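Colleague: Mind looking over this structure? Questions follow.
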Amino acid sequence: MEQNQQKSPLIAIILSFIFPGLGQIYIGQQQKGVLFIVIGICLVLMMYILIGIVLYPLFWLYSMYDAYTSATKLNANNL
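Start counting the sequence shown at 8; every next residue gets the next number (my numbering).
Shown next, in the form of structure tokens:
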């Protein structure tokens, strides 16, 4: 894969909508993506002790926002 290839912010959001971290992996931020996946899994498991019910949706939204803004910045830097 070429390093200066444009990445779609929309696809990044959709992948992060499916599960946090997938959008980051799509745009080439593998370490951040894996970290987001691990955090997402931990928060899903924490739903059983109720704190995850509050934190997971917030993290999920942040993951989508981060994927979109990171893809946009990546595309701007590759012009």
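We put the CB at the ideal spot given by N, CA and C, even for glycine.
Note that the structure is predicted; figures quoted are calculated from it, not measured.
Can you name the start and end residues of the alpha helix (DSSP H) that Met71 belongs to?
Modeller: Ile58 to Asn84
Colleague: Along the alpha helix (DSSP H) that carries Ile25, what are the first and last residues, could you check?
Modeller: Looking at the DSSP string, the run of the alpha helix (DSSP H) that includes Ile25 is Pro16 to Ile25.
Colleague: Which of helix, strand or coil does DSSP assign to Gln12?
Modeller: coil
Colleague: Give a yes or no on contact between the stretch 10 to 19 and the stretch 52 to 61, applying the rule of three or more CB pairs nearer than 8 Å.
Modeller: no
Colleague: Determine the contact status of Leu42 and Gly28, defining contact as a CB-CB distance below 9 Å.
Modeller: Taking C-beta atoms as the reference points, Leu42 and Gly28 count as a pair closer than 9 Å.
Colleague: Would you report the Cα separation of Asp73 and Ile34, rounded to the nearest angstrom?
Modeller: One C-alpha to the other measures close to 11 Å.
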